[in-house]
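Quick note, the sequences are listed as chains A and B, same order.
Per this note's numbering, residue 21 is the first one in the first sequence, and the count goes up by one each step.
Per this note's numbering, residue 21 is the first one in the second sequence, and the count goes up by one each step.
The C-beta atom is built at its ideal place from N, Cα and C for all residues, glycine as well.
Bear in mind that the values here come from a model prediction, so they are computed numbers and not experimental data.
The structure under discussion appears below in the form of structure tokens.
2 protein chains.
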Amino acid sequence: MSDYQAPLHDMRFLLHDLFQAPATWARLPALAGHVDADTADAILEEAARVTSGLIAPLNREGDEIGAQWHDGDVTTPPGFREAYRGYSEGGWIGLAGNPDYGGMGMPKMLSVQCEEMLYAANSSFALYATLTSGACLAIDTHASDALRRQYLPRLYSGEWTGAMCLTEAHAGSDLGLIRTRAEPDNDGRYRITGSKIFITGGDHDLTDNIIHLVLARLPDAPAGPKGISLFLVPKRLPDAEGRAAEDNRVICGAIEHKMGIKASATCVMHFENSIGYLVGEPHRGLAAMFTMMNYERLSIGIQGIGCAARSLQVASEYARDRLQGRAAGSSDGPAPIIVHADVRRMLLTMKALTEGSRAFATYVGLQLDLAKFSDDEQERAAAAARVALLTPVAKAFFTDTGFESCVHGQQVLGGHGYIREWGQEQLVRDVRIAQIYEGTNGIQGLDLLGRKVVADNGAALMDFINLMRTDAESCPRFRAPLKEALDRLQQTSQWLIEQAATDPALVNASAVEYLHLLGYVAYAWLWARMDVAAADAKQGDPAFRAAKQDTAAFYFQRLLPRILSLEATLRSGSTSLTALPAEQF
Amino acid sequence: MSDYQAPLHDMRFLLHDLFQAPATWARLPALAGHVDADTADAILEEAARVTSGLIAPLNREGDEIGAQWHDGDVTTPPGFREAYRGYSEGGWIGLAGNPDYGGMGMPKMLSVQCEEMLYAANSSFALYATLTSGACLAIDTHASDALRRQYLPRLYSGEWTGAMCLTEAHAGSDLGLIRTRAEPDNDGRYRITGSKIFITGGDHDLTDNIIHLVLARLPDAPAGPKGISLFLVPKRLPDAEGRAAEDNRVICGAIEHKMGIKASATCVMHFENSIGYLVGEPHRGLAAMFTMMNYERLSIGIQGIGCAARSLQVASEYARDRLQGRAAGSSDGPAPIIVHADVRRMLLTMKALTEGSRAFATYVGLQLDLAKFSDDEQERAAAAARVALLTPVAKAFFTDTGFESCVHGQQVLGGHGYIREWGQEQLVRDVRIAQIYEGTNGIQGLDLLGRKVVADNGAALMDFINLMRTDAESCPRFRAPLKEALDRLQQTSQWLIEQAATDPALVNASAVEYLHLLGYVAYAWLWARMDVAAADAKQGDPAFRAAKQDTAAFYFQRLLPRILSLEATLRSGSTSLTALPAEQF
């Protein structure tokens, strides 16, 4: 595989030309004076340097060797431990973390772009880092001051890592079924007992301690999801100086053998009367964990973008070099395969989806920044509602389109895409998990349509549609198709909200297609805006700006029409899904 | 992974109820008295027994261990050699082979169904067998009587295997670029020198000899694809008794490390002045090889069906057992996940696509039988034209939908689909190659739209559309949507034929989406006919017949609408694909 080149040009275009981020930062008190256009560019360049120089070179061997389990200890592939130290010493774990405890307090808009580079360079490695950042966010938001002081600095610094312990063998998508127990001990501590599966980074040798956030039930807990509490359970208990010391009986029983992300240890974890600390209120653990899960959902979405961007880069290079066949209408050959329209179809599909996802992710980052940093309460609330609406779309649509893109990227290389050498098949295997973990993409669809649209009676959705309608007026080139797409989205949404009142199966039947419908329409909005931003930009490479406009045209002509099928399928309702008896499948 | 259960019920439904195959067999001289309904059922049952009992159990370990290369020799995983002997002793290699040389002379309709079971049981193993059958077909069709007598009996019997040597490092999709040389020797033999890559079963330890069909250039060959000849090159030359003897300098230089089909040896092959025999006319090698390639293209399509069928079986069993969440509108839980409409959506998509593909494959088998066995010249020609039109659709659409199905089958299992244990991730990895080899699915689209539709000015296509229109009249339940779909296909085809006259990039730009459009419409025709056949069947399980009708309704409501997007995309033409400069990807 060729060297990883971070798409800095596009990232800067999004920050500066599309979203004019520095102007927003300048009006947010916590960011004003702390980050500006130059800081942002410097951070992006340094992230590109670190991810391509330090982390990408470990990706292939990490896949070949994988994480290894031996007698309860997990070993990561060669170089991972040193790379994690180097990476965290650069402050990247706490890039958007709380400055009171050693975080850098940078805007999320910027950290989503850095995260893309990390996943593009090495998805397995990235997970150790992003789960730690997510654990920090949950601790910072919900834990006591004492816990924050004790744990956050060592997590931000990379001395320790974090992990998220939800799933049990019989409780995957249905967390209400979990059985892990928490018994009150002395000093306000708890004793945690139970087994968890599919724990990413549950054990490893990158750091001397691992801080687990564990869902468990207190003795008086009501049944179901409202009886779950959240506990912080370190692998080793800190001593008086706060250093990792006594073993806390947090045991890795095995690791999984997986299709991909092989250098990421996916662990069976046993807690055997382990000491834990309550995070947040009793029985409110799911809500607290959702702080971390929403962070991770966006992050896993970004895995989809990173893998797709890397695959596009490799496929484009290959297509410019590989000579096969003749250009249509020409008798000269062989020509580089990038002349063939079918190859361009695959590459442009990847490009339009990946750049659309990157713009969407940066937009969600902006909303997260407004929700966190704005001094206007109404703006904070509106941004938080937008984030709640768009997080499931980001997770599922970035990864569904990311998987599609990686499959195209593999196809462009023909047989060479199927063998290990070029790395394309690894990207397909690595990105595939992103559609499954952190809540399957079906669960994301249910969250979007059931909770964020139908239960909300379309209020947050209509706010978003109205924003897109307003923006459409300033996009003359694609105003008409964008408005037509918005009409389809709005009418289909209203139809679903109405029908769901009498058809209990409809939300479940429609969830995934609806999420895709919203995703394609939102990308149309972003592509229309990117087209305008590229046309208006006073600076920047004219060829880059022209390519943006060409890609926008491709999106409207060849990808947005996918909403026609989605709409027709959605309007068929749930009846064709419910008839067949279970034994006839 | 649970045991493989061949879908015999559906196969019998297709043979007996949908296509009434025994009536056709009875009127074809070579088949009448040779095969009837009872013979067919007995063959299918025996194929199910052998594939599930002998071959499926080797699948998982075959993936874990893989084919191994050591000092020029390839070793297959444990049990493969014995299984190949057992399988071929049953006569399966020559099931549809020429009885004059030891084949069983059975109809292709039947052998496509047996082949599905073989791929479902173990795709890697299947390739050794199906490539041998394909090599037999090419030899039987194009080689001299002497070569046929010498090689076919030992290939049909499984004593030797066959391989197909086309690709060179710089010549993949563009076979006109191949450089392997053939020099005339004495006795009408030739000396072959050159290197080939991606040769499936190029070397292995299943049998004592391997018969290579090799594309090479004679000294006086014109440049390009019209200067390629086909040669039979044994790994070991037969002695006077016809047994494998002298080494022929056919050397395996390495095997590839691949995403899947790991037990299938994908070889770099060197021919070093090896003795070869011309098959067919000089410089007409590509045409001769296409006999084998068309056979293999259908076969590789069937790999898509087999993998999808296996994945559906595992996913359905899992979904009936796994308890998570509550049924919509119910407060009881946890319920088996097959109650959730989103899970049913995935399973029904798999079922409708897989059963549609199986019907289509059996239909292509019927046409192959008519083209081969009919005593009516006009019927033979019409069937051959139908086969030429539908072979690229079979190859690409079975494998694109097969891949989609396996990805759904993996998704149904959530995290358990991503780990090795259940076998779903292996099916995704194994089926992925089928979209790439034997001519990528992009190449299939070009063959369909460029050669079979545009160059033919739509003649064979219109014959097929007219047949489907006639059939639509006898399908009252789905007549209207089927006719609407046929209108869309016909109008879009005509538009493309007209536009292609002035837009040289259009065929290449439209190839893949057009193939999908034709595929979805053809499946609608088959589902409408299956609906009628299920309603009319006098015998058979009523629950099975009701499920067929429910699945037909699902197909029309939720899958056929995909043609709306395809049509809109196709009608956007080629302009959005050609604008972007190569360096801007």
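- In the three-state reduction of the DSSP assignment, B/Met-289 falls in the strand class, which pools E and B.
- B/Leu-130 has its alpha-carbon roughly 57 Å from the corresponding atom of A/Arg-406.
- At least 8 Å separates the beta-carbon of B/Tyr-104 from that of B/Gly-182.
- In the three-state DSSP reduction, A/Pro-27 falls in the coil class, being neither helix nor strand.
- Nearest Cα to A/Gly-154 within the set A/Thr-213, A/Met-312, A/Ala-348: A/Met-312.
- Counting only the Cα atoms, B/Arg-209 lies some 44 Å from B/Val-448.
- If you look at B/Val-270, you'll find it in the beta strand (DSSP E) that goes 270-275.
- Secondary structure note for B/Tyr-148: its alpha helix (DSSP H) is the uninterrupted segment 143-162.
- In this structure, the alpha-carbon of B/Val-427 lies about 15 Å from that of A/Val-532.
- For the segment 216-229 of chain A, the set of residues with a beta-carbon nearer than 9 Å to any beta-carbon of chain B comprises Ile-217, Phe-218, in chain order.
- Remark: C-beta atoms of A/Thr-419 and A/Gly-539 do not approach each other more closely than 8 Å.
- B/Pro-97 is classed as buried because its beta carbon has at least 16 other beta carbons within 10 Å across all chains shown.
- Contact of B/Thr-598 with chain A by beta-carbon distance below 8 Å involves Ala-361, Arg-364.
- Linking A/Asp-467 to B/Pro-501 through their CA atoms gives a straight-line distance of about 33 Å.
- Taking a contact to require three or more Cβ pairs closer than 8 Å, the segment 579-593 of chain B and the segment 377-397 of chain B do not qualify as touching.
- Interface annotation, A/Ser-336: in contact with chain B, CB-CB separation under 8 Å.
- A straight-line Cα-Cα distance of about 17 Å links A/Leu-318 and A/Ser-144.
- Under the Cβ criterion (8 Å, minimum of three pairs), the segment 29-40 of chain A counts as touching the segment 558-574 of chain A.
- Proximity of chain A to B/Val-407 at the Cβ level (cut-off 7 Å) is not reached, the minimal Cβ distance being about 24 Å.
- The C-alpha of A/Gln-170 lies about 40 Å from the C-alpha of A/Leu-535.
- Excluding residues up to 5 positions away in sequence, His-428, Gln-431, Val-432 lie with their Cβ nearer than 7 Å to the Cβ of A/Met-366 in the same chain.
- Within the segment 272-289 of chain B, the residues whose Cβ lies closer than 7 Å to some Cβ of chain A are Glu-276, His-277, Lys-278, Met-279, listed in chain order.
- Counting only the Cα atoms, B/Val-253 lies some 50 Å from A/Pro-27.
- The C-beta of B/Ala-563 comes closer than 8 Å to at least one C-beta of chain A.
- In the three-state reduction of the DSSP assignment, A/Gly-73 falls in the helix class.
- With respect to A/Met-126, A/Ala-141 sits apart: the two C-beta atoms are not nearer than 8 Å.
- Contact of B/Asp-194 with chain A by beta-carbon distance below 7 Å involves Gln-344, Gly-345, Pro-354.
- Among the CB atoms of chain B, one or more fall inside 8 Å of the CB of A/Leu-368.
- Partner residues in the beta bridge of A/Ile-231, as assigned by DSSP, are A/Gly-182, A/Pro-254.
- Using a CB distance cut-off of 8 Å, A/Phe-417 does not count as an interface residue toward chain B.
- DSSP, reduced to helix, strand and coil, places A/Val-55 outside both helices and strands of the structure shown, so it counts as coil.
- Taking a contact as a CB-CB distance under 8 Å, the pair B/Ile-456 and A/Gly-437 counts as one, their CB atoms being some 7 Å apart.
- Per DSSP, B/Trp-89 is not a residue of any alpha helix (DSSP H); the beta strand (DSSP E) it occupies stretches across 88-90.
- Counting only residues of its own chain and dropping the five nearest sequence neighbours on each side, B/Ala-308 has a CB closer than 7 Å to the CB of Ala-158, His-162, Leu-250, Val-299, Gly-300.
- Look at A/Asp-570: its C-beta is under 8 Å from a C-beta on chain B.
- For the set B/Glu-424, B/Gly-296, B/Leu-487, the Cα lying nearest the Cα of B/Asp-207 is the one of B/Gly-296.
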